[in-house]
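Those protein sequences? They're chains A and B, same order as listed.
If you want my numbering, it's the position in the first sequence, counting the first as 1, plus 158.
If you want my numbering, it's the position in the second sequence, counting the first as 1, plus 6.
The beta carbon of each residue, even a glycine, is placed where N, CA and C say it ideally should be.
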Amino acid sequence: SQTIHQWPATLVQPVGSPLSLECTVEGTSNPNLYWYRQAAGRGLQLLFYSVGIGQISSEVPQNLSASRPQDRQFILSSKKLLLSDSGFYLCAWSVGDRGFDEQYFGPGTRLTVT
Amino acid sequence: AQKITQTQPGMFVQEKEAVTLDCTYDTSDPSYGLFWYKQPSSGEMIFLIYQGSYDQQNATEGRYSLNFQKARKSANLVISASQLGDSAMYFCAMREGMRFGTGANNLFFGTGTRLTVIP
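As structure tokens, this is what we get:
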């Protein structure tokens with residue numbers, strides 16, 4: 159069966175510090191991968207998605223970046239965090255070879271920028 | 007314009023009763039899919055139910071059913087026989103262009119409805 163992991167689960171970082179959040183998927187090949195951010199009390203905002211290794215599409219301009227160094231690994235990074243980067247970050251995967259492909263989410267990382 | 011609108015920030019329901027969570031959507035694409043996700047306090051997003059724009063019948067999954075009214079562009083979630091474990095945030099989402107094998111497609115999420123089940 160497929161599983162998705164995210165770490166760390168919780169992170170407190172000062173403004174201006176770098177960020178690296180990792181997401182890995184097991185039990186499937188060539189998944190589509192997504193990074194979402196959920197601000198407090200709000201819905202999810204898609205940040206990045208990837209259909210393959212090295213292929214990243216960005217949905218919103220920001221100081222975050224994403225990389226996919228391996229088929230089942232998706233990394234969210236920042237060189238310098240802003241206060242507005244605080245939120246709940248969710249990684250998700252899907253497979254795009256069916257008529258519809260629901261997305262399966264990881265447990266999330268709660269980031270607080272101080 | 008908002009792609010997905012959920013007008014109920016919070017809802018209360020008595021245990022064992024049914025509840026309807028509203029969702030309206032906006033798209034000009036004839037091919038789209040509608041999803042409902044549940045987010046308990048732990049934070050994970052749990053897929054509940056899916057409705058395709060060309061589906062003739064309303065989707066059902068156990069105690070969940072989707073009241074799909076295409077002309078009104080609404081996709082309300084109905085939870086029957088509510089249980090205490092149903093207390094959570096519920097998100098409606100839409101993906102446009104549901105064509106076979108098109109790879110990653112973006113999900114647009116609503117702002118969510120917090121459901122509280124009262125014992």
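Through-space distance from residue j to residue i, alpha-carbon basis
i	j	result
L169 of chain A	D61 of chain B	43 Å
G212 of chain A	V218 of chain A	18 Å
S223 of chain A	S187 of chain A	23 Å
S47 of chain B	Q228 of chain A	31 Å
D255 of chain A	P125 of chain B	The predicted model places D255 of chain A with a pLDDT of 47, which falls under 50 and marks its position as unreliable; any figure quoted below should be read in that light. Answer to the nearest angstrom: the Cα atoms are 43 Å apart.
L205 of chain A	E50 of chain B	17 Å
L83 of chain B	C29 of chain B	8 Å
A167 of chain A	A99 of chain B	25 Å
K237 of chain A	D243 of chain A	12 Å
L241 of chain A	S216 of chain A	20 Å
Proximity below 9 Å, CB of residue i to CB of residue j
i	j	result
S71 of chain B	V123 of chain B	no
F18 of chain B	L90 of chain B	no
T117 of chain B	R268 of chain A	no
Q196 of chain A	Y262 of chain A	no
F233 of chain A	S178 of chain A	Looking at the sequence provided, one finds Ile at residue 233 of chain A rather than Phe. Closer than 9 Å, so yes.
F97 of chain B	Y43 of chain B	yes
E260 of chain A	F114 of chain B	no
Same chain only: Cβ atoms within 6 Å of residue i, ignoring 5 sequence neighbours per side
i	result
Y192 of chain A	Y207 and A250
H163 of chain A	T182
Terminal residues of the beta strand (DSSP E) in which residue i lies
i	result
R120 of chain B	T119 to I124
E50 of chain B	Counting along the chain, E50 of chain B falls outside any beta strand (DSSP E), and DSSP gives it neither H nor E.
N221 of chain A	Note, N221 of chain A: premise wrong, no beta strand (DSSP E); not H, not E.
L241 of chain A	From DSSP, L241 of chain A is part of no beta strand (DSSP E); its letter is neither H nor E.
K44 of chain B	Y38 to Q45
G68 of chain B	Note, G68 of chain B: premise wrong, no beta strand (DSSP E); not H, not E.
Expected contact under 8 Å - CB spacing of residue i and residue j to nearest Å
i	j	result
F41 of chain B	Y56 of chain B	5 Å
S34 of chain B	S59 of chain B	About 12 Å; that fails the 8 Å criterion.
Review point. Which residues, in order along the region 25-51 of chain B, keep a beta-carbon less than 9 Å from a beta-carbon of chain D?
Key: The displayed structure is made up of protein chains A and B, and chain D is not among them.
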